[in-house]
Ligand SMILES: Nc1ncnc2c1ncn2[C@@H]1O[C@H](COP(=O)(O)OP(=O)(O)OP(=O)(O)O)[C@@H](O)[C@H]1O
Ligand SMILES: [Mg+2]
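Chains as they are written, first to last, in the numbering used here: chain A, 1 to 589; chain B, 1 to 246.
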């Protein structure tokens, strides 16, 4: 290896003609460059081959029951979701794929593939299929061998037909992937493959491609920044819509209506009050207003306790009203420290509108009646796993960031509360939190406020994850030099602006790797909900399928399938975050 | 040359760090358009004093009045003052996650409430003025120290400050970059900007300053024109300091 360096030669990259033999050259240089290395290579290859043979003969042994997975696919994906309503599930999948299409278009994501790497992939896939044919069932090995040979043939013929001129031409990875998927779908239509979901999958794939194309057109037509913000907004709105509305169809009754009217009133009148508080009132008037609001909030806590009849009222409306009153008090009291100048008042108002909408939205749909039954009855399988992890991750983010800010703030009371919260949560296992949320908490609540176990679990995971996230973010905040804050203050930024524009963005950038680790862990930890009796993805694979009369005791196959799916998700996620890191130049700037 | 309007008034300003008395009663006034250079040995409280003027540090006794507003703990007063007083730090303190241009437009849009196009135009004007318009879309980490410090000056100027504070703006720079920053500061002084500059660059003090303050042990020991200072210093401590530094 070092001979080149010893003779002071510069290693030249091989000319393009040689790349046909690239693998051989590479192997000779890296694997067989000395006797010892050659021996090690041969031994390792033998070990790898033995493992591969063992594993594939396991995968394809006659007694393997892969039909336990294929037959139960729906169960794995959505568990007991009402069959007549499967269209809603497909609509959800369609929405997500359409958004993926729009997103790739908006960010123009995806790299390029050189012909050589495509050729290598095709040859690899062909050899794999042909090799696996050895272990195939009697009815399958013929066409597996043929398929493998065809793949390798395509690779060789296509590559040599390119000629020297086109060798450097690259193909977009996305286009290539799209082509492959389209091909697979085409095969399922042409061959008599028994696949009950090929119609919806074809439509979903068409949605992906269609929205990608629409996205490309839009990206050219409108301001790119605006387009990206809209796409991000659609992502944020999509999951609540899918899980709270589309898959549950909330009915509007009086209880729910009340929770619409009241937030609307709070939004307008409260907004006006905050505006006046920030820009019109003198300090003294503002103080009086704040005091009155604090008194009202306290009274709203005491009155229901003192007055027995309150439970007969529609419960949710007044409850949301009280939460909104607390929020208004917080904004009226704290607005001044956050706002600076007119822009500041505007930002506080935007924050207020967001809070009201979030409170109303959550309050309304979390408890709203539905014609499909409770969350617990509706959600299961991979669908439940997605619901729990998306909710917990998305919701724990703002809470965790706020906790981190509170713990580093100058106000002792914020510091105390947040430290207490973080240390308490971090001191107990997730299971304890989940048990507490589903078993203990309901005993302290009036029956009218009974929370569905799925909601309770999602909330429990959210609070659990928030504590860890807060510590990660706090680490990031502490790594920001003091000079940054001083420079921001020196140009007149308020504490709020300094945090939002200067310290927090830098802190979040530095902790991306830690956050990704946490998200991946949380995604897998959702499988713990099986212990409190929810039928998530792993639960279906681990307990439900092996206890079906047809597949009694068949455990290995569904578990392996589950492992593959978990891996696919986490792998995609960590790749995506690597790209994000590159894009933000983490470590470079 | 300086007008008669007093823009900074310090009246018996005192400050302690615990038991340690950093500022022992500073009284001085700065007139509009005046360039005041502060010199003195290390640890004499120069940085502390200049940082009190935009309240990055708080004084405990005495009064500081900037542009008619007294600095108190009222948050709104402090923010109002800070947007009128620009500050340039020894270690630049540019925002590393923003481009050069964004560094200069950020406070304009969020604090001054300017439209983005307006802020952009202003940023490019200022980059032109400090001589590095071609660096607008780079990140601070990609610039040399001298270029970074010029961006920091442009960032402060973007707020249209009435006063500029400099705390040893050239101390962290390699010798060949010091001149380019000093040139920008000289140009600024010529256009009539009110400036308070802590520096060890005696050439700059001699050429640009209207008045020099000599700090020692948290006090103004001697005060006068550069000519007075460099030809005829009165106090022994001043003489000692100048003999060591020149
Ligand atoms: N946060 C602090 N806590 C305690 N003492 C401090 C603090 N900041 C500064 N000091 C002390 O106050 C004194 C004055 O510091 P200051 O930074 O104002 O000096 P300076 O004149 O700017 O010196 P230099 O020329 O080295 O920058 C020093 O003795 C320093 O040790
Ligand atoms: Mg100093």
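Ideal Cβ positions, reconstructed from N, Cα and C, are used throughout, including at glycine.
Please specify which runs of the beta strand (DSSP E), each continuous and at least 3 residues long, are wholly inside the stretch 6-47 of chain B, giving them in chain order. 6-17, 20-31 and 35-39
With a cut-off of 9 angstroms, does the C-beta of residue 501 of chain A fall near any C-beta of chain B? What you label residue 501 of chain A is simply residue 501 of the first chain in a count that begins at 1. So yes, residue 501 of chain A belongs to the interface.
Quick check on residue 292 of chain A: does DSSP put it in helix, strand or coil? On the first chain, residue 292 of chain A is found 292 positions in, with the first residue counted as 1. Residue 292 of chain A: helix per DSSP, three-state reduction.
Which of the residues in the stretch 100-134 of chain B, read from start to end, lie with their CB under 7 angstroms from any CB of chain A? 106, 107, 110, 111 and 113
Proximal chain A residues relative to residue 156 of chain B, where beta-carbon distance stays under 8 angstroms: In the second chain, the residue the question calls residue 156 of chain B occupies position 156. Ordered by position in chain A, the residues that pass the 8 angstroms Cβ test against residue 156 of chain B are 490 and 491.
Since I believe residue 573 of chain A is in contact with residue 519 of chain A (beta carbons under 8 angstroms), could you give me their beta-carbon distance rounded to a whole number of angstroms? Here residue 519 of chain A refers to the residue found at position 519 when the first chain is read from its first residue. Here residue 573 of chain A refers to the residue found at position 573 when the first chain is read from its first residue. Rounded, the Cβ-Cβ distance is 7 angstroms, consistent with contact.
I'd like to confirm something about residue 19 of chain B: is its beta-carbon nearer than 8 angstroms to some heavy atom of ligand 1, or not? Here residue 19 of chain B refers to the residue found at position 19 when the second chain is read from its first residue. Flag unset: Cβ of residue 19 of chain B not near ligand 1.
Cα separation between residue 461 of chain A and residue 451 of chain A? Against the first chain, residue 461 of chain A aligns to sequence position 461. Against the first chain, residue 451 of chain A aligns to sequence position 451. So the two alpha carbons sit approximately 15 angstroms from each other.
For a cutoff of 9 angstroms on Cβ pairs, would you count residue 49 of chain A as touching chain B? Translated into positions along the first chain, residue 49 of chain A becomes position 49. No, no contact with chain B.
If we ignore side chains and look at the alpha-carbon of each, how far apart do residue 12 of chain B and residue 61 of chain B end up? Working through the second chain from its first residue, we reach residue 12 of chain B at position 12. Working through the second chain from its first residue, we reach residue 61 of chain B at position 61. Taking the straight line joining both Cα atoms gives about 7 angstroms.
Whole angstroms is fine: what's the gap from residue 472 of chain A's alpha carbon to residue 394 of chain A's? Within the first chain, residue 472 of chain A is the residue found at index 472, counting from 1. Within the first chain, residue 394 of chain A is the residue found at index 394, counting from 1. So the alpha carbons of these two residues sit roughly 16 angstroms apart.
Cutting at 7 angstroms between CB atoms, please list the residues of its own chain near residue 590 of chain A, excluding the five before and the five after it. Residue 590 of chain A falls outside the range modelled here, since chain A spans only 1 to 589, and no answer is possible.
CB contact check: residue 12 of chain A to chain B, cutoff 9 angstroms: For the purposes of this step, residue 12 of chain A is identified with residue 12 of the first chain, where counting begins at 1. Note that residue 12 of chain A scores a pLDDT of 46, beneath 50, so its modelled location is shaky; the value from the coordinates is reported in the next line. Cβ-Cβ to chain B under 9 angstroms: no for residue 12 of chain A.
With a cut-off of 9 angstroms, does the C-beta of residue 197 of chain B fall near any C-beta of chain A? Within the second chain, the letter at position 197 stands for residue 197 of chain B. No, its Cβ sits nowhere closer than 9 angstroms to a Cβ of chain A.
Measure the alpha-carbon distance for residue 353 of chain A versus residue 118 of chain A and round it to whole angstroms. As a first step, residue 353 of chain A must be located in the first chain, where it is residue number 353. As a first step, residue 118 of chain A must be located in the first chain, where it is residue number 118. Rounded to whole angstroms, residue 353 of chain A to residue 118 of chain A spans 51 angstroms at the Cα level.
How big is the Cα-Cα spacing for residue 88 of chain B and residue 47 of chain B? Working through the second chain from its first residue, we reach residue 88 of chain B at position 88. Working through the second chain from its first residue, we reach residue 47 of chain B at position 47. Near 12 angstroms, if we compare the C-alpha coordinates of residue 47 of chain B and residue 88 of chain B.
Residue 224 of chain B bridges to which residues according to DSSP? To locate residue 224 of chain B, count along the second chain from 1; it is residue 224. BP columns for residue 224 of chain B point to B:212.
Indicate, with yes or no, if ligand 2 has a heavy atom lying under 8 angstroms from the CB of residue 168 of chain B. The residue labelled residue 168 of chain B in the question sits at position 168 within the second chain. True, at least one ligand heavy atom lies under 8 angstroms from that Cβ.
Who are residue 112 of chain A's beta bridge partners in DSSP? Walking along the first chain from the start, residue 112 of chain A turns up at place 112. Bridge partners of residue 112 of chain A: A:172.
Residue range of the alpha helix (DSSP H) that includes residue 166 of chain B: For the purposes of this step, residue 166 of chain B is identified with residue 166 of the second chain, where counting begins at 1. Unbroken run through residue 166 of chain B is the beta strand (DSSP E), 163-167; no alpha helix (DSSP H).
Do residue 238 of chain A and ligand 1 come close, with the Cβ less than 8 angstroms from some heavy atom? The residue given as residue 238 of chain A occupies position 238 in the first chain. Flag unset: Cβ of residue 238 of chain A not near ligand 1.
Extent of the continuous beta strand (DSSP E) run through residue 86 of chain B: Here residue 86 of chain B is taken as the residue at index 86 of the second chain, counted from 1. From DSSP, the beta strand (DSSP E) with residue 86 of chain B extends over 85-88.
Check the C-beta distance from residue 327 of chain A over to residue 359 of chain A and give it rounded, since I have them as a contact under 8 angstroms. Stepping through the first chain from its first residue, residue 327 of chain A is reached at position 327. Stepping through the first chain from its first residue, residue 359 of chain A is reached at position 359. Rounded, the Cβ-Cβ distance is 7 angstroms, consistent with contact.
Can you give me, in chain order, the residues of the stretch 507-530 of chain A that have a beta carbon less than 9 angstroms from any beta carbon in chain B? 509
Spell out whether any CB of chain B is found under 9 angstroms from the CB atom of residue 581 of chain A. To locate residue 581 of chain A, count along the first chain from 1; it is residue 581. Taking Cβ atoms only, chain B never reaches closer than 9 angstroms to residue 581 of chain A, which makes this a no.
When burial is assigned at 16 or more other CB atoms within 10 Å of the CB, is residue 49 of chain B buried or exposed? Translated into the one-based positions of the second chain, residue 49 of chain B becomes position 49. So residue 49 of chain B ends up on the buried side.
For residue 70 of chain B, is the classification buried or exposed, using 16 other Cβ atoms within 10 angstroms of its Cβ as the cut-off for buried? As a position in the second chain, residue 70 of chain B is number 70, starting the count at 1. Classification for residue 70 of chain B: exposed.
Quick check: residue 44 of chain B and residue 217 of chain B, are their CB atoms within less than 9 angstroms of each other? As a position in the second chain, residue 44 of chain B is number 44, starting the count at 1. As a position in the second chain, residue 217 of chain B is number 217, starting the count at 1. Cβ atoms of residue 44 of chain B and residue 217 of chain B: closer than 9 angstroms.
Just checking, does the stretch 82-93 of chain A make contact with the stretch 230-248 of chain A on the three C-beta pairs under 8 angstroms criterion? yes
Could you tell me if residue 110 of chain B is buried or exposed, where buried requires 16 or more neighbouring beta carbons within 10 angstroms of its beta carbon? On the second chain, residue 110 of chain B is found 110 positions in, with the first residue counted as 1. Looking at its Cβ environment, which holds 16 or more other Cβ atoms inside 10 Å, residue 110 of chain B is buried.
For residue 477 of chain A and residue 491 of chain A, what's the separation of their Cα atoms in angstroms? Counted from its first residue, the first chain places residue 477 of chain A at position 477. Counted from its first residue, the first chain places residue 491 of chain A at position 491. Taking the straight line from one Cα to the other gives about 20 angstroms.
Give the straight-line distance between the Cα atoms of residue 301 of chain A and residue 266 of chain A, rounded to the nearest whole angstrom. Numbered from 1 along the first chain, position 301 holds the residue referred to as residue 301 of chain A. Numbered from 1 along the first chain, position 266 holds the residue referred to as residue 266 of chain A. Cα to Cα, residue 301 of chain A sits roughly 18 angstroms from residue 266 of chain A.
Applying a beta-carbon distance threshold of less than 8 angstroms, which residues of chain A neighbour residue 56 of chain B? Indexing the second chain from 1 puts residue 56 of chain B at position 56. Result: 486, 489 and 490.
Under 7 angstroms from the C-beta of residue 97 of chain B: neighbouring residues of chain A: Start at 1 with the first residue of the second chain, and residue 97 of chain B comes out as number 97. Result: 505, 506, 509 and 589.
What is the rounded straight-line gap between the Cα of residue 124 of chain A and the Cα of residue 190 of chain A? Looking up residue 124 of chain A in the first chain gives position 124. Looking up residue 190 of chain A in the first chain gives position 190. For residue 124 of chain A and residue 190 of chain A, the distance between alpha carbons rounds to 25 angstroms.
With a cut-off of 8 angstroms on the beta carbons, I'd call residue 542 of chain A and residue 559 of chain A a contact; round off their distance for me. Your numbering for residue 542 of chain A matches position 542 in the first chain. Your numbering for residue 559 of chain A matches position 559 in the first chain. About 6 angstroms separates the two Cβ atoms, so the contact holds.
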